[in-house]
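Working notes for the structure below.
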Amino acid sequence: MLRLAVPYGLLSAPQLRKFADIARRHDRGFGHFTTRHNLQLNWVQLPQVPEILAELAEHELHAIQTSGNCIRNVTTDHFAGVAADEIADPRPWAEILRQWSSFHPEFAYLPRKFKVAISGATEDRAAIQVHDLGLQVVRDPNGEIGFKVYAGGGLGRTPLLGQVVQEFLPWQHLLTYTEALIRVFNRYGRRDNAFKARIKILVKALGREEFARQVEAEWAHLKDGPATLTVAEVERVAAQFVAPAYETLAEDDLCHLAHLREDKAFSRWVERNVQAHKVAGYAAVTLSLKKPGAAPGDATSEQMEAAADLAERYSFGEIRVSHEQNLILADVPQRELYTVWHRAKAAGLASPTVGLIQDLIACPGGDFCALANARSLPIAAAIQERFEDLDYQHDIGELELNISGCMNSCGHHHLGAIGILGVDKNGQEWYQVTLGGRQGNDARIGEVIGRSFAAAELPDAVERLIGAYLAHRHADERFIDTFDRIGIEAFQSAAYTQTRPHPHQSRRVANG
Amino acid sequence: MAKQIIKERRLQDDAWKVVTLVDGEAPFDVCLPVGPLLVPLAVWKAKKACLIHREYEHGTPLGIWLAPEDKVEDIAADIDDFTVIAVHFPKFADGRGYSTARLLRERYGYDGEVRAFGDIGRDQIFYLNRAGFDAFVLGEGKSAEDALAAFDDFPETYQAAADQPDPLFRRRVA
Ligand code: SF4
């Protein structure tokens, strides 16, 4: 497996085409976008790797620090720079951190891998609280930028949310503070047991206050040193993220509104896959990499090329990878949405299901991953198939369903409203279900509902859970809201009760 | 053949001996062979007077070696006594020694030899060198030729470290 870096999820059209080309010539014609923005190729031949890396380098692409116990790719909000709720663009800070962490001489052999995420918006779309280091851009009363710093978040077999170690770290100190924090981890993190080596275990063992105190003591030596950021440097880096040359457009495009009225399928796609933009007349489009029969996050070379074409024609030549494993065109004029939709549909990139059950997250699991306890992809496919009916999906509404093939939690199952975890029982594949997890500002780890399910039982169990939601929901309540209101018990009893088929199923039969 | 070490970017003979404690041996009981020695932290603590005496009376230079878990802070006050401070890497994946070296150089201003020894080779040299090591005893079977090439892996670096007090952004010409 070769994992290629996509720093903070940003790609140019030629770079994405290069990925397509590499996947076609050196792999089986597709790649897998991970929850940390990267592209994974599963069948690359080792002897070809030098050649692949040389080709990638011509496009400023690489595979540096995409595995190993080092500082990994810095991830961020896929709507960075265009979101209406942005406090400040996180990308310059992500780039500053990328540079600083690249071949960092002290931190190449940490106790364990170290993942950093940064959010610049009021709504956290980068899951910063489940990262080793999470940074939230904030402003002080004078409008000065700083960071609220979370440390010690992570999933895996000990899922923990990050602890706040700094309420407001002035931006100048981003690198010196981070260096102090990782130095404390490098020196005192556990190295005797790989399962206890992430920084979250250190933070938990010391307690938030003591950990923060140790970082502070280390930082006292580094603070205001040469690594202190300067206005000139921040401006230099920020200049690489200037807004594209937007046209001055009306808030609403009339043709677009007409298409919305006339074409139900289009309006459904817009409702789910198109997000508001801070610039009038523009929108951000999610190209879905989710559909039944394909592994979530998988993109064929043709799809990558189609996305690159769309980006070039309609979105200033730029693509982002979201941590939900979709591709984003961040700057599409409203008037082009109808065309973009048609072309995305033709490329199989327009499942109108963003945020719905079909937009699930799943790790590669037992089909590809040596560490897996169970397969993720057939489970994902079975669930997607069960809920394929679009009316049914839209009726269920927003629901995050995440699947991991083992405790390493690459599929972020703890953060799913419904989480599914592959477990091994005497060599057989079983699945444990958690409920109530969520990402974002009030991130929470899901609770286990009870005994595990066999693969064959799982789609029914999920359908029964959703049945319980549909039976109990108040108007406008999402699955997670109903869960919060009525608690886990109602779902537990539903999950383990053999009921008659849900009315929806009979309706499907009735509809022939 | 004399033991070899990489220093000043070339292979040189090396006269230093590493003293280790055998299981259960009390640091005070360890017998000190003649010649320049790298002693473990525990031996330094136990036999400081004796070691300093060797230096004064016999002109034998003083050296110490630190295990990954040994804290630089524990020798901070003695740093100027040492001609060599060595840092052991029992496994290359144990990266605590990089912090040890940076602290020696950058925090305590140690300017004698900082030597890396143990499970190190070509892949580590560039990082080690930047962290402040200036002498390298390679692991068993590691090629010195490969290791020597690694110093020039990258012509430029982003971060400040022991070899370069200023990060790249402070060195860019405006
Ligand atoms: S969660 Fe487990 S099975 Fe899935 S990709 Fe990660 S390590 Fe592999």
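Residue numbers (numbering that gives the first Met the number 0), protein chains in the order written: chain A, 0 to 511; chain B, 0 to 173.
Virtual Cβ for every residue (Gly too), placed ideally from N, Cα, C.
_What would DSSP say about A/Arg499, mapped onto helix, strand or coil?_
Numbered from its first residue, the first sequence carries residue 499 of chain A at position 500. In this predicted model, A/Arg499 has a pLDDT of only 48, less than 50, meaning its place in the structure is not dependable; the value taken from the coordinates is given anyway. A/Arg499 falls in the coil class under three-state DSSP.
*Looking at the C-beta of A/Pro6, does it have a partner C-beta in chain B at a distance below 7 angstroms?*
One-based indexing of the first sequence puts residue 6 of chain A at position 7. A/Pro6 does not count as touching chain B.
_At 4 residues or longer, what runs of the alpha helix (DSSP H) sit wholly inside the segment 34–76 of chain A?_
48–56
*Once you ignore the five residues that flank A/Ala509 on each side, which residues in its own chain have a CB closer than 6 angstroms to its CB?*
Here residue 509 of chain A is taken as the residue at index 510 of the first sequence, counted from 1. Model confidence at A/Ala509 stands at a pLDDT of 34, short of 50, so the residue's coordinates are unreliable; what they give is reported in the following sentence. There are no such residues.
_Between the CA atoms of A/Phe194 and A/Arg507 - distance to the nearest angstrom_ = Within the first sequence, numbered from 1, the residue matching residue 507 of chain A stands at position 508. Within the first sequence, numbered from 1, the residue matching residue 194 of chain A stands at position 195. Residue confidence for A/Arg507 is low, a pLDDT of 40 falling below 50, so the modelled location carries little weight; the figure read from the coordinates is stated next. Straight-line Cα distance between these residues: approximately 46 angstroms.
*Consider the C-beta atom of A/Leu520 and the heavy atoms of the ligand SF4; say whether any pair is separated by less than 6 angstroms.*
As displayed, chain A neither begins before 0 nor continues past 511, which places residue 520 of chain A out of reach and without an answer.
*Are the segment 274–291 of chain A and the segment 329–345 of chain A touching by the rule of at least three beta carbon pairs closer than 8 angstroms?*
yes
*What are the boundary residues of the beta strand (DSSP E) that includes A/Tyr149?*
As a working mapping, residue 149 of chain A is identified with position 150 in the first sequence. From DSSP, the beta strand (DSSP E) with A/Tyr149 extends over Ile144 to Ala150.
*Any idea which residues DSSP pairs B/Pro26 with across the strands?*
For this step, residue 26 of chain B is matched to residue 27 along the second sequence. Paired residue(s): none; B/Pro26 is not in a bridge.
_Does any residue of chain A have a CB that is nearer than 7 angstroms to the CB of B/Ala75?_
Mapped onto the second sequence, residue 75 of chain B falls at position 76. It does not: the Cβ of B/Ala75 has no partner Cβ on chain A nearer than 7 angstroms.
*Taking Cβ positions only, does B/Tyr109 come closer than 7 angstroms to chain A?*
Sequence index remark: in the second sequence, residue 109 of chain B carries index 110 (1-based). Chain A contact via Cβ: absent.
*Could you give the distance in angstroms between the alpha-carbon of A/Ala470 and the alpha-carbon of A/Gly415?*
Taking the first sequence and counting its residues from 1, the one referred to as residue 470 of chain A is at position 471. Taking the first sequence and counting its residues from 1, the one referred to as residue 415 of chain A is at position 416. The straight-line gap from Cα to Cα measures roughly 21 angstroms.
*Specify the secondary structure class of B/Thr99 as computed by DSSP and reduced to three states.*
In the second sequence, residue 99 of chain B corresponds to position 100, counting from 1. Here B/Thr99 sits in helix by DSSP.
*State the Cα-Cα distance for the pair A/Trp429 and A/Gln165, rounded to the nearest angstrom.*
For this step, residue 429 of chain A is matched to residue 430 along the first sequence. For this step, residue 165 of chain A is matched to residue 166 along the first sequence. A/Trp429 and A/Gln165: Cα-Cα distance of roughly 41 angstroms.
*Return yes when the C-beta of A/Leu52 is under 6 angstroms from any heavy atom of the ligand SF4, and no when it is not.*
Here residue 52 of chain A refers to the residue found at position 53 of the first sequence. The answer is no for A/Leu52.
*Say the cut is 6 angstroms; is the CB of A/Ala371 nearer than that to a heavy atom of the ligand SF4?*
If you number the first sequence from 1, residue 371 of chain A lands on position 372. At least one heavy atom of the ligand SF4 is nearer than 6 angstroms to the Cβ of A/Ala371, so yes.
*With DSSP as the reference, please indicate the residues paired to A/Ile117 in a beta bridge.*
Translated into the one-based positions of the first sequence, residue 117 of chain A becomes position 118. A/Thr75 and A/Leu134.
*Proximity test, Cβ basis, 7 angstroms: A/His103 and chain B*: In the first sequence, the residue the question calls residue 103 of chain A occupies position 104. True, the Cβ-Cβ gap to chain B drops below 7 angstroms.
*Reducing DSSP to helix, strand and coil, say where A/Arg507 ends up.*
Within the first sequence, residue 507 of chain A is the residue found at index 508, counting from 1. Reliability of the predicted coordinates at A/Arg507 is poor, the pLDDT of 40 falling under 50, and the value obtained from them is presented with this limitation in mind. Of the three classes helix, strand and coil, the one that applies to A/Arg507 here is helix, per DSSP.
*Contacts of B/Phe153 in chain A (Cβ-Cβ under 7 angstroms)*: In the second sequence, residue 153 of chain B corresponds to position 154, counting from 1. Ordered by position in chain A, the residues that pass the 7 angstroms Cβ test against B/Phe153 are Phe102.
*Within its chain, find whatever has a CB closer than 6 angstroms to the CB of A/Val278; leave out the 5 residues flanking it on each side and keep chain order.*
Reading the first sequence from its first residue, position 279 is the one you call residue 278 of chain A. Excluding residues within five positions, the ones whose Cβ falls inside 6 angstroms are Tyr245.
*What separation, rounded to the nearest whole angstrom, lies between the Cα atoms of A/Ala442 and A/Leu45?*
By one-based count along the first sequence, residue 442 of chain A stands at place 443. By one-based count along the first sequence, residue 45 of chain A stands at place 46. Their backbone Cα atoms lie some 39 angstroms apart in a straight line.
_What would DSSP say about A/Leu9, mapped onto helix, strand or coil?_
Along the first sequence, one-based indexing puts residue 9 of chain A at 10. If DSSP states are grouped into helix, strand and coil, A/Leu9 belongs with the strands.
*asked:* What does DSSP give as the partner residue(s) for A/Ser403 in the beta ladder?
replied: Start at 1 with the first residue of the first sequence, and residue 403 of chain A comes out as number 404. In the DSSP output, where bridge partners are listed per residue, A/Ser403 has A/Leu420.
*Any idea what DSSP makes of A/Asp84, helix, strand or coil?*
Counted from its first residue, the first sequence places residue 84 of chain A at position 85. If DSSP states are grouped into helix, strand and coil, A/Asp84 belongs with coil.
*Using the Cα positions of B/Ile78 and B/Arg95, report the straight-line distance between them to the nearest angstrom.*
Here residue 78 of chain B refers to the residue found at position 79 of the second sequence. Here residue 95 of chain B refers to the residue found at position 96 of the second sequence. Each residue's Cα considered, the two are about 19 angstroms apart.
*Would the segment 145–157 of chain A and the segment 199–212 of chain A be scored as touching if the rule is three or more Cβ pairs under 8 angstroms?*
yes
*For chain B, is any of its Cβ atoms less than 7 angstroms away from the one on A/Arg507?*
Stepping through the first sequence from its first residue, residue 507 of chain A is reached at position 508. For A/Arg507, the predicted model reports a pLDDT of 40, less than 50, meaning its position is unreliable; a value from the coordinates is still stated below. Answer no: the Cβ-Cβ gap between A/Arg507 and chain B never drops below 7 angstroms.
*Compute the distance between the beta-carbons of A/Phe482 and A/Gly445, then report whether it is under 7 angstroms.*
Indexing the first sequence from 1 puts residue 482 of chain A at position 483. Indexing the first sequence from 1 puts residue 445 of chain A at position 446. No.
*Could you give the DSSP three-state label for A/Lys222: helix, strand or coil?*
In the first sequence, the residue the question calls residue 222 of chain A occupies position 223. DSSP places A/Lys222 in coil when its eight states are reduced to three.
*Taking any Cβ of chain B, which residues in the segment 179–200 of chain A have a Cβ under 8 angstroms from it, in chain order?*
Arg182, Asn185, Arg186 and Arg190
*In chain order, what residues of the same chain lie with their CB nearer than 6 angstroms to the CB of A/Asp123, ignoring the 5 residues before and after it?*
Here residue 123 of chain A is taken as the residue at index 124 of the first sequence, counted from 1. Once the five neighbours on either side are set aside, the close Cβ partners of A/Asp123 are Gly439 and Asn440.
*So is B/Cys30 buried or exposed if we call it buried at 16+ other beta carbons inside 10 Å?*
In the second sequence, the residue the question calls residue 30 of chain B occupies position 31. With fewer than 16 Cβ atoms within 10 Å of its Cβ, B/Cys30 is classed as exposed.
*By Cβ distance, which residues of its chain are closer than 8 angstroms to A/Ala349, with the 5 residues on each side in sequence left out?*
Along the first sequence, one-based indexing puts residue 349 of chain A at 350. For A/Ala349, where only same-chain residues beyond five positions count, the Cβ hits under 8 angstroms are Trp268, Asn272, Leu286, Ser287, Trp340 and Ala343.
*asked:* Suppose the cutoff is 6 angstroms on Cβ atoms and the five residues either side in sequence are ignored; what does the same chain contact list for A/Phe113 look like?
replied: Against the first sequence, residue 113 of chain A aligns to sequence position 114. Contacts found: Ile70 and Asp131.
*Contacting residues, own chain, Cβ-Cβ under 8 angstroms from B/Phe150 (five flanking each side not counted)*: Within the second sequence, the letter at position 151 stands for residue 150 of chain B. The residues are Arg8, Ile124, Phe125 and Asn128.
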